[in-house]
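For the sequence shown, full-length UniProt numbering gives the first residue as 1, with consecutive numbering after it. Right, one structure below, let's go through it.
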Amino acid sequence: MSKTIMWFRKDLRIDDNTAFNKMLEHSKPGDELICIFQLNPAQFLEESYNHDTFFSSLNTFYETLKASGLVLHFLYGEIEENFAELKKTYQDWNKIYFNKDERGFGRERDQKIANFLKNNDIQEYSFQDSHIHGVEEIKKPTGENYKVFTPYFRNWITRPKRRYERSVVSERQFNQIPHPLFSKGEKEFKKIIKKIALPFEYEGGEVAAEKCLRDFIHNHLHDYEKTRDYPILDQTSKLSRFLRTGELSIRKVWYAVNAEPDSNGRQTFISELCWRDFYNMIYFENPKQKTQEIKEQYRMLSWSYNQESFERWKNGQTGYPIVDAGMRQLNQTGWMHNRLRMIVASFLTKDLMIDWRMGEKYFQQKLIDYDSASNIGGWQWAASTGTDAVPYFRIFNPTTQSERFDHHGDFIRHFIPELKNVPNKCIHEPSKMPIDIQKNIDVTMGIDYPEPIVEHSKIRTEILSFFKEKNN
């Protein structure tokens with residue numbers, strides 16, 4: 001009787017799980033199947049919303065499996081040491097199934113463990129599961145990868161999409177017996193769960209993910225193109241947090257969306273699914289992009305590291321209401337509307353001229369939907385240093401953005417209560433509010449709410465010079 005390992009990672013579901021389905025398909029009567037999750041201490045040294053929500057979702061998955069009669073075993077430590085112990089314990093272990101990572105830390109880990117598996121005669125079955133198309137599926141006719149989104153999308157949209165497959169599980173095939181090898185991992189996992197202390201409600205799991213998908217399709221998809229940019233309407237999909245943990249199958253999303261009548265909203269949302277694949281491919285092509293600008297001419301820019309300005313940006317105290325409301329939404333909820341992500345990233349990199357890496361790292365700590373490829377791609381886009389990025393001379397005016405996408409200031413007032421009584425005509429630039437109005441609403445600018453940290457019109461000239469010298 002042989003033993004087969006199913007290694008769960010960022011694929012916390014059974015439904016349409018490629019590696020899991022393939023394991024069931026290949027298994028024979030009498031094979032013993034063991035489900036594991038490997039806890040790497042290097043990945044959770046720092047407490048953050050990102051960390052806590054992932055492990056909250058993992059705990060939901062663990063409990064869901066247990067309720068179905070399946071056991072998820074935990075390993076703790078260095079991956080190669082863990083697997084060596086696993087092989088020593090189960091000498092007849094000869095196959096492992098997992099959904100691979102195509103970039104970043106996960107890719108490096110997978111490459112490292114591949115040598116161990118080969119040297120120990122363990123057959124590796126790894127699959128691309130997290131994206132509609134993998135990093136090497138969409139290429140130019142020359143065989144090169146794309147660097148610009150639009151031609152990538154034209155190719156991407158014509159390609160056949162993998163089908164969605166449900167999973168049928170028989171728990172009798174699975175190892176349910178605790179082993180001392182897993183006891184340390186079990187204890188460490190319980191410690192992590194016990195430490196979770198989120199300041200907001202968080203519901204994970206496949207059931208919550210599917211409900212979120214249904215709600216979006218039924219209530220928001222049709223008008224998505226018209227409503228997606230307005231934070232107060234709250235009509236974006238919110239699916240990103242379930243996709244980053246793998247609690248929701250990307251193929252399920254694709255087919256559910258495509259089953260709906262054609263509309264501008266549907267087409268716009270599909271293009272955003274493609275952006276997710278595009279940024280995944282870009283990270284694969286540029287493995288150093290978390291710390292290095294993709295565009296070589298911008299790798300020596302003299303960014304600011306002004307800690308006081310950075311703290312004001314982080315805490316929503318810049319004096320620009322739309323920027324501050326976005327940052328406060330992030331700090332209070334672990335999520336930020338996509339339009340606001342662009343606005344606050346542009347403000348940090350262009351108005352404050354602060355290194356985009358500082359903003360990217362802060363988002364990594366705070367976002368409950370943090371995905372390294374999309375987040376890094378977004379930050380390099382805003383900083384004009386990445387692939388197909390916004391031109392350096394296109395600089396978001398935070399006041400204009402505020403007037404356009406929060407016209408009446410409802411979103412601003414929700415997250416900045418000190419401005420709740422400011423009249424509409426002053427809400428986007430409260431620093432220009434006449435003294436008599438300040439007295440009438442009992443708000444003093446510079447005391448109750450800060451004056452603007454910089455003057456956007458003046459900074460614009462500086463940032464243009466900042467980039468222009470690197471383009472000569």
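Yeah, the Cβ is synthetic: ideal placement off N, Cα and C, and Gly gets one too.
Taking the Cα positions, F55 is about 7 Å away from I193.
Here the alpha carbons of K28 and E80 stand approximately 28 Å from one another. In the displayed model, E32 falls within a strand according to three-state DSSP. Burial check for M300: the Cβ neighbour count within 10 Å stays below 16, so the residue is exposed. Rounded to the nearest whole angstrom, the CA to CA distance from Q365 to S374 is 15 Å.
Taken in chain order, the complete alpha helix (DSSP H) segments of 4 or more residues contained in the stretch 26 to 75 are 49 to 67. Here DSSP, grouped into helix, strand and coil, assigns T461 to helix. In the three-state DSSP reduction, N99 falls in the strand class (E or B).
Boundaries of the alpha helix (DSSP H) harbouring F269: 264 to 285, taken from the DSSP string. Taking one beta carbon from each stretch, the stretch 73 to 87 and the stretch 37 to 48 have 3 or more pairs nearer than 8 Å; the two touch.
Between S346 and K290, the beta carbon gap of about 20 Å keeps them out of contact (Cβ cut-off 8 Å). Every beta strand (DSSP E) stretch that sits fully inside the stretch 95 to 177 and reaches 3 residues is listed by chain position as 123 to 127. 7 Å or more divides the Cβ of K295 from the Cβ of I463.
Check the Cα spacing between Q401 and each of I427, T268, F415: the tightest is with I427. Beta-bridge partners of K3 (DSSP): E32, W93. Residue burial is scored here from C-beta neighbours: T385 has at least 16 other C-beta atoms within 10 angstroms and is therefore classed as buried. Counting the other CB atoms within 10 Å of its CB gives K66 a total below 16, which places it among the exposed residues. Taking the Cα positions, N119 is about 14 Å away from D92. Taking C-beta atoms as the reference points, D110 and D11 fail to come closer than 7 Å. By the neighbour-count definition (other C-beta atoms within 10 Å, threshold 16), T158 is an exposed residue. Taking a 10 Å sphere around the C-beta of G30, we find fewer than 16 other C-beta atoms and assign the residue as exposed. Between the stretch 121 to 128 and the stretch 1 to 21, the count of Cβ pairs shorter than 8 Å is three or higher; the stretches touch.
Contact check for N99 against F127 passes: the beta carbons are separated by less than 7 Å.
Using a C-beta cut-off of 8 Å, the stretch 42 to 54 makes contact with the stretch 355 to 369, since at least three inter-stretch Cβ pairs fall below that distance.
Contact between the stretch 415 to 429 and the stretch 319 to 337 is established, with three or more Cβ pairs separated by less than 8 Å. By the criterion of a C-beta distance shorter than 8 Å, K420 is surrounded in its chain by R413, once the five residues flanking it on both sides are discounted.
Under DSSP, M353 takes part in no beta bridge, so it has no partner.
In terms of Cβ geometry, F278 and E102 do not form a close pair [threshold 7 Å].
Here I435 is exposed, its C-beta having fewer than 16 other C-beta atoms within 10 Å. The stretch 146 to 156 and the stretch 181 to 190 do not touch, with fewer than 3 CB-CB distances between them shorter than 8 Å.
Within the same chain, and ignoring the five residues on either side of N286 in sequence, the residues whose Cβ sits closer than 6 Å to its Cβ are I294. Taking every protein chain shown into account, the CB of G143 has fewer than 16 other CB atoms within 10 angstroms, so this residue is exposed. The alpha-carbon of Y146 is positioned some 28 Å away from that of L221.
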